[in-house]
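Asker:
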Amino acid sequence: MSTRRLVLALACLGIACSPSGQDPDGAPGLGLPASNEDVAHVFWSIFPDGENLPPGSGTAAEGRILFQLHCQACHGLGGAGKPADRLVGGQGSLGSEMPVKTIGSYWPYATTVFNYVRRAMPYTAPMSLSNDDYYALTAYLLQINEIISSDEIVNADTLPQVVMPNREGFVLSYPSRPARYDYRADP
Amino acid sequence: MPRKTNLDDQLLDAPPVAGNGLLDRRALLKLAAMGSVTGLAAGRARLAFADPVAAGQPEWLLAPGLPAEAYGRPSRFELERVKRYVWPLEANRGQTIPWLSFTPHDLLHGVHTPSGLHFEISHHGIPDIDPERHELLIHGMVERPLKFNLERLDRYPTVTHDYFVECAGNSGRLWNEEPVAETLALTHGFLSGSEWTGVPLAVLLDEAGIQPGAKWVIAEGADSGSLSRSVPMGKALDDSMIALYQNGERVRPGQGYPMRLLNPGFEGNTNVKWVRSLRVTDRPAMTRFETSRYTDLMPDGKALQFTLEMEVKSVITRPTNSMKLKEPGYYEIAGLAWTGAGRIRRVEVSADAGRTWGDALLQEPVSPKMTTRFRMPWRWDGGPATLQSRATDESGRVQPTRQALIAARGRPPGPGTYHFNGIHSWGVLPSGEIRHVYA
Numbered sequence: 001m002s003t004r005r006l007v008l009a010l011a012c013l014g015i016a017c018s019p020s021g022q023d024p025d026g027a028p029g030l031g032l033p034a035s036n037e038d039v040a041h042v043f044w045s046i047f048p049d050g051e052n053l054p055p056g057s058g059t060a061a062e063g064r065i066l067f068q069l070h071c072q073a074c075h076g077l078g079g080a081g082k083p084a085d086r087l088v089g090g091q092g093s094l095g096s097e098m099p100v101k102t103i104g105s106y107w108p109y110a111t112t113v114f115n116y117v118r119r120a121m122p123y124t125a126p127m128s129l130s131n132d133d134y135y136a137l138t139a140y141l142l143q144i145n146e147i148i149s150s151d152e153i154v155n156a157d158t159l160p161q162v163v164m165p166n167r168e169g170f171v172l173s174y175p176s177r178p179a180r181y182d183y184r185a186d187p
Numbered sequence: 188m189p190r191k192t193n194l195d196d197q198l199l200d201a202p203p204v205a206g207n208g209l210l211d212r213r214a215l216l217k218l219a220a221m222g223s224v225t226g227l228a229a230g231r232a233r234l235a236f237a238d239p240v241a242a243g244q245p246e247w248l249l250a251p252g253l254p255a256e257a258y259g260r261p262s263r264f265e266l267e268r269v270k271r272y273v274w275p276l277e278a279n280r281g282q283t284i285p286w287l288s289f290t291p292h293d294l295l296h297g298v299h300t301p302s303g304l305h306f307e308i309s310h311h312g313i314p315d316i317d318p319e320r321h322e323l324l325i326h327g328m329v330e331r332p333l334k335f336n337l338e339r340l341d342r343y344p345t346v347t348h349d350y351f352v353e354c355a356g357n358s359g360r361l362w363n364e365e366p367v368a369e370t371l372a373l374t375h376g377f378l379s380g381s382e383w384t385g386v387p388l389a390v391l392l393d394e395a396g397i398q399p400g401a402k403w404v405i406a407e408g409a410d411s412g413s414l415s416r417s418v419p420m421g422k423a424l425d426d427s428m429i430a431l432y433q434n435g436e437r438v439r440p441g442q443g444y445p446m447r448l449l450n451p452g453f454e455g456n457t458n459v460k461w462v463r464s465l466r467v468t469d470r471p472a473m474t475r476f477e478t479s480r481y482t483d484l485m486p487d488g489k490a491l492q493f494t495l496e497m498e499v500k501s502v503i504t505r506p507t508n509s510m511k512l513k514e515p516g517y518y519e520i521a522g523l524a525w526t527g528a529g530r531i532r533r534v535e536v537s538a539d540a541g542r543t544w545g546d547a548l549l550q551e552p553v554s555p556k557m558t559t560r561f562r563m564p565w566r567w568d569g570g571p572a573t574l575q576s577r578a579t580d581e582s583g584r585v586q587p588t589r590q591a592l593i594a595a596r597g598r599p600p601g602p603g604t605y606h607f608n609g610i611h612s613w614g615v616l617p618s619g620e621i622r623h624v625y626a
């Protein structure tokens with residue numbers, strides 16, 4: 001916190017006398033108001049409870065075609081992987097000598113799939129598909145991991161309700177990790 | 188044939204402090220004190236005039252040199268030698284985009300990494316951002332959603348600090364069953380140190396007015412793929428900054444031009460480059476890069492999440508396997524130490540695989556969350572030696588052995604992917620060749 005106090009102190013010295021120094025803390029206050037449209041333009045995050053999921057919907061049956069068109073070249077037939085990440089299987093392997101981390105075995109939230117695929121995929125043309133398409137692809141990735149069925153409708157209401165197999169597999173480690181996982185204490 | 192001077196005497200006569208030739212670091216201090224005197228004497232000896240005057244002089248003295256350049260470069264003799272290790276190597280690229288580059292610490296000195304040699308990881312390539320069309324928005328649980336462009340941010344009072352950035356995957360290859368034979372860049376090159384100048388994030392958050400209950404800031408970048416991470420509010424209000432300058436010049440494209448989030452001491456991936464959106468919330472977004480990636484799977488199948496602070500760590504950057512010791516005698520062991528917890532308090536060096544240790548000299552200033560250079564005088568007797576360094580930080584954490592780390596966390600293909608901070612070993616052979624070894 002000392003850095004912050006120092007900055008504010010310096011700012012007070014330099015700017016408090018200036019006519020535009022309207023911020024009582026001494027910061028110049030140069031931010032412009034951001035409208036809802038401004039925010040929507042840059043805010044793509046989707047939260048586990050579904051916050052910020054857009055309108056639209058899709059099913060795995062629709063997603064299968066889209067996957068073959070846009071994803072299979074990198075992620076392999078049915079998400080089997082190579083050259084890019086494997087997307088399917090591995091459930092029950094995390095505690096073994098050969099853990100396989102996929103959407104089905106490792107990812108704790110279904111919303112993360114939509115969040116990531118929409119912002120980042122297809123790799124050479126992110127954000128190039130419609131929201132319906134991204135819902136359909138998300139549905140397909142959940143279906144090949146046997147988390148939902150192929151005719152289940154995925155949308156802003158249903159996606160947050162999907163319970164991922166590894167939902168309870170993570171241990172929050174900030175600001176401090178639980179003692180039984182703190183290997184640092186015993187070097 | 189080593190020339191015997193007063194300096195050599197001073198160093199070679201220094202008392203040993205640990206096995207296999209490690210000398211008392213105080214010899215380095217004595218050396219510094221007498222350097223100026225000896226330098227003068229040597230300078231006088233070289234002041235002899237030749238006749239005719241040009242005879243034997245190298246050509247660069249005998250004609251005017253090159254004109255000034257608008258933007259300078261290293262010597263042409265260094266350009267091809269000192270460069271980042273870009274992965275995948277050109278021969279193996281195929282269709283894979285080379286988006287990883289490693290800092291060649293074995294070829295560098297000091298603690299500030301030249302900006303062009305700072306490591307870079309770009310999960311979706313480096314965007315070519317027009318600063319006139321880039322804005323940073325702060326929104327969510329705030330009183331006043333705000334937007335800033337580069338021109339406005341440039342008018343804020345700035346802070347300047349030295350900070351390291353280290354990828355959580357740095358040294359991941361030390362989990363390998365066999366030691367890798369590549370240079371230090373490949374094992375420790377996902378670490379760099381810079382002077383960063385920018386606006387404290389706390390100032391901008393204050394201006395937007397944080398609402399009660401806000402606990403996280405979700406940062407999103409303006410790259411293809413919009414890389415995003417959730418940052419705890421405690422960190423954002425402590426020492427995070429929107430960095431605009433690196434080593435005195437604008438942050439470079441590979442480092443987030445025109446602006447990046449910098450979370451000192453946190454794992455590299457959280458320092459979202461090309462940042463354009465900061466969403467203030469009461470919970471993390473659980474993005475791909477904080478769930479599927481950058482989480483630490485443990486042997487019991489559970490994964491640690493948000494292991495954000497980088498651990499205490501050090502490595503010897505000289506000598507390394509990219510050089511060969513020509514003959515027995517005096518050498519300086521040097522390296523880097525760093526910790527996300529604050530300052531490095533102590534670095535010890537061993538020349539006998541950790542059986543005995545001596546304290547290394549720490550180069551001042553020792554800055555928090557920045558690489559600290561350490562140095563240790565060493566008299567190599569020509570026999571086999573195993574060089575190691577072990578750092579301790581001000582929180583009291585001690586860098587673990589590789590074996591201890593593996594015992595606690597396992598080794599891939601099992602768990603143990605990120606956050607390797609174990610002790611690294613260089614094996615010196617009687618031939619003077621140096622190998623990366625496990626000891």
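First to last, the sequence lines map onto chains A and B.
Once you know that position 148 of the first sequence is 148 in our numbering, the rest is easy, because the numbers rise by one and skip nothing.
Once you know that position 46 of the second sequence is 233 in our numbering, the rest is easy, because the numbers rise by one and skip nothing.
Glycine included, each C-beta is placed from N, C-alpha and C at the ideal position.
Given the structure is predicted, the values throughout are model-derived calculations rather than measurements.
1) If you run the structure through DSSP and keep just helix, strand and coil, what is B:Q586?
2) Please return the same chain residues whose Cβ sits closer than 6 angstroms to the Cβ of B:S509, not counting the five positions on each side in sequence.
3) DSSP on A:Y181, reduced to helix/strand/coil?
4) When you compare the CB of B:I397 with every CB in chain A, is at least one pair closer than 8 angstroms?
5) From this set, B:G259, B:R213, B:D349 and B:R439, which residue's C-alpha is nearest B:E307's C-alpha?
6) I want to see whether chain A comes within less than 8 angstroms of B:P440, judged by CB atoms only; does it?
7) Apart from the five residues on each side of it in sequence, which residues of its chain come closer than 8 angstroms, Cβ to Cβ, to A:P54?
8) For A:L172, count neighbouring Cβ atoms within 10 angstroms of its own Cβ and tell me buried if that reaches 16, exposed if not.
9) Report buried or exposed for B:E267, applying the criterion of at least 16 other Cβ atoms within 10 angstroms of its Cβ.
10) So B:R622 and B:G614 are supposed to be a Cβ contact under 8 angstroms. How far apart are they, rounded?
11) Give the secondary structure of A:T3 by DSSP, where H, G and I count as helix, E and B as strand, and everything else as coil.
12) With DSSP as the reference, identify every bridge partner of B:Y272, one or two as the case may be.
13) Would a C-beta distance cut-off of 8 angstroms place B:T526 and B:V499 closer than the cut-off?
14) Express the C-alpha separation of B:P471 and A:G169 in angstroms, rounding to a whole number.
15) Determine the closest residue to B:M497 out of B:L340, B:D341, B:P314 and B:T558, with distance taken between C-alpha atoms.
16) Would you say A:V39 reaches chain B, if we count a Cβ-Cβ gap shorter than 8 angstroms as a contact?
17) Which same chain residues end up closer than 6 angstroms to A:S150 when comparing Cβ atoms and leaving out the 5 residues on each side of it in sequence?
18) What are the start and end residues of the beta strand (DSSP E) that includes B:K422?
19) Is there a Cβ of chain A sitting closer than 8 angstroms to that of B:F335, yes or no?
20) Which of the three DSSP states, helix, strand or coil, is assigned to A:Q68?
21) Anything in the region 560–579 of chain B with a Cβ closer than 8 angstroms to a Cβ of chain A? List those residues in chain order, please.
22) Return no unless some Cβ of chain B is closer than 8 angstroms to the Cβ of A:L129.
23) Strictly below 8 angstroms CB to CB, what residues from chain B border A:G29?
24) Is B:S302 a contact residue of the ligand ADP, with contact defined as CB to any heavy atom under 7 angstroms?
25) Pull up the distance between the alpha-carbon of B:Q586 and that of B:W461, whole angstroms please.
26) Quick check: the region 476–485 of chain B against the region 429–448 of chain B, are there 3 or more CB pairs under 8 angstroms?
27) Taking all protein chains shown into account, decide if B:W544 is buried (16 or more other Cβ within 10 angstroms of its Cβ) or exposed.
28) Note down, in chain order, every chain A residue with its Cβ under 7 angstroms from the Cβ of B:M485.
29) Please give the ranges of any beta strand (DSSP E) in the region 454–501 of chain B, keeping only runs that are unbroken, at least 3 residues long and fully inside the region.
30) Is B:F335 helix, strand or coil when you go by DSSP?
31) Measuring alpha carbon to alpha carbon, tell me which residue in B:L276, B:S309, B:I316 and B:M420 is nearest B:F476.
32) Below 8 angstroms between beta carbons: does that hold for B:M485 and B:L340?
33) Output yes or no for whether 8 angstroms exceeds the beta carbon distance between B:P314 and B:A395.
34) Please state whether DSSP places B:G226 in a helix, a strand or coil.
35) According to DSSP, is A:L10 helix, strand or coil?
36) Taking only beta-carbon atoms, is A:P187 less than 8 angstroms away from chain B?
Answerer: On the basis of the data shown:
1) Taking the second sequence and counting its residues from 1, one reaches residue 586 of chain B at position 399. Coil at B:Q586, not helix or strand.
2) To locate residue 509 of chain B, count along the second sequence from 1; it is residue 322. Only D293 and T370 meet the Cβ criterion.
3) To locate residue 181 of chain A, count along the first sequence from 1; it is residue 181. Three-state result, A:Y181: helix.
4) As a working mapping, residue 397 of chain B is identified with position 210 in the second sequence. No, B:I397 does not count as interfacial toward chain A.
5) On the second sequence, position 120 is the one that residue 307 of chain B refers to. The option with the nearest alpha carbon to B:E307 is B:R439.
6) For this step, residue 440 of chain B is matched to residue 253 along the second sequence. Not one chain A Cβ lies under 8 angstroms of B:P440.
7) For the purposes of this step, residue 54 of chain A is identified with residue 54 of the first sequence, where counting begins at 1. Once the five neighbours on either side are set aside, the close Cβ partners of A:P54 are N131 and A156.
8) Numbered from 1 along the first sequence, position 172 holds the residue referred to as residue 172 of chain A. Exposed: under 16 other Cβ atoms inside 10 Å.
9) Here residue 267 of chain B is taken as the residue at index 80 of the second sequence, counted from 1. So B:E267 ends up on the exposed side.
10) Looking up residue 622 of chain B in the second sequence gives position 435. Looking up residue 614 of chain B in the second sequence gives position 427. Contact holds; Cβ gap of about 5 angstroms.
11) Position 3 of the first sequence holds residue 3 of chain A. Legend: pLDDT at A:T3 = 44, less than 50; position of this residue unreliable, no value from coordinates given.
12) What you label residue 272 of chain B is simply residue 85 of the second sequence in a count that begins at 1. Paired residue(s): B:F289.
13) In the second sequence, counting from the first residue as 1, residue 526 of chain B sits at position 339. In the second sequence, counting from the first residue as 1, residue 499 of chain B sits at position 312. Yes, Cβ-Cβ distance for B:T526 and B:V499 is below 8 angstroms.
14) Position 169 of the first sequence holds residue 169 of chain A. Position 284 of the second sequence holds residue 471 of chain B. Each residue's alpha carbon lies about 16 angstroms from the other.
15) Walking along the second sequence from the start, residue 497 of chain B turns up at place 310. The shortest C-alpha separation from B:M497 is found at B:T558.
16) Counted from its first residue, the first sequence places residue 39 of chain A at position 39. Judged by the 8 angstroms Cβ criterion, A:V39 is in contact with chain B.
17) Reading the first sequence from its first residue, position 150 is the one you call residue 150 of chain A. If we look at A:S150 and ignore the five residues flanking it on each side, its Cβ neighbours are A60, A61 and Q143.
18) Here the question's residue 422 of chain B lines up with position 235 in the second sequence. B:K422 -> not in any beta strand (DSSP E); alpha helix (DSSP H) instead, spanning M420 to D425.
19) Within the second sequence, numbered from 1, the residue matching residue 335 of chain B stands at position 148. For B:F335, the answer is yes, since a Cβ of chain A falls inside 8 angstroms of its Cβ.
20) As a first step, residue 68 of chain A must be located in the first sequence, where it is residue number 68. It is helical.
21) none
22) Within the first sequence, numbered from 1, the residue matching residue 129 of chain A stands at position 129. It does not: the Cβ of A:L129 has no partner Cβ on chain B nearer than 8 angstroms.
23) Within the first sequence, residue 29 of chain A is the residue found at index 29, counting from 1. In chain order: E394.
24) Absent from the structure shown: the ligand ADP. Ligands present: none.
25) Your numbering for residue 586 of chain B matches position 399 in the second sequence. Your numbering for residue 461 of chain B matches position 274 in the second sequence. Distance between the alpha carbons of B:Q586 and B:W461: 33 angstroms.
26) no
27) Taking the first residue of the second sequence as position 1, residue 544 of chain B is located at position 357. Looking at its Cβ environment, which holds 16 or more other Cβ atoms inside 10 Å, B:W544 is buried.
28) Taking the second sequence and counting its residues from 1, one reaches residue 485 of chain B at position 298. What B:M485 touches in chain A: Y181.
29) 462–468 and 490–492
30) For the purposes of this step, residue 335 of chain B is taken as residue 148 along the second sequence, with counting starting at 1. Residue state, collapsed to three classes: strand.
31) For this step, residue 476 of chain B is matched to residue 289 along the second sequence. Comparing Cα-Cα distances from B:F476 to each of B:L276, B:S309, B:I316 and B:M420, the minimum goes to B:S309.
32) Taking the first residue of the second sequence as position 1, residue 485 of chain B is located at position 298. Taking the first residue of the second sequence as position 1, residue 340 of chain B is located at position 153. In this structure, B:L340 does not lie closer than 8 angstroms to B:M485 by Cβ.
33) Taking the second sequence and counting its residues from 1, one reaches residue 314 of chain B at position 127. Taking the second sequence and counting its residues from 1, one reaches residue 395 of chain B at position 208. It is not a contact, given that the beta carbons lie outside the stated cut-off.
34) Sequence index remark: in the second sequence, residue 226 of chain B carries index 39 (1-based). Unreliable placement is indicated for B:G226, whose pLDDT of 44 sits below 50; no coordinate value is reported for it.
35) Position 10 of the first sequence holds residue 10 of chain A. Its pLDDT being 44, under 50, A:L10 is placed unreliably by the model, and the measurement read from it follows with that caveat. It is helical.
36) Stepping through the first sequence from its first residue, residue 187 of chain A is reached at position 187. With a pLDDT of 42 at A:P187, under the threshold of 50, the modelled position of this residue cannot be trusted, and the question is left open.
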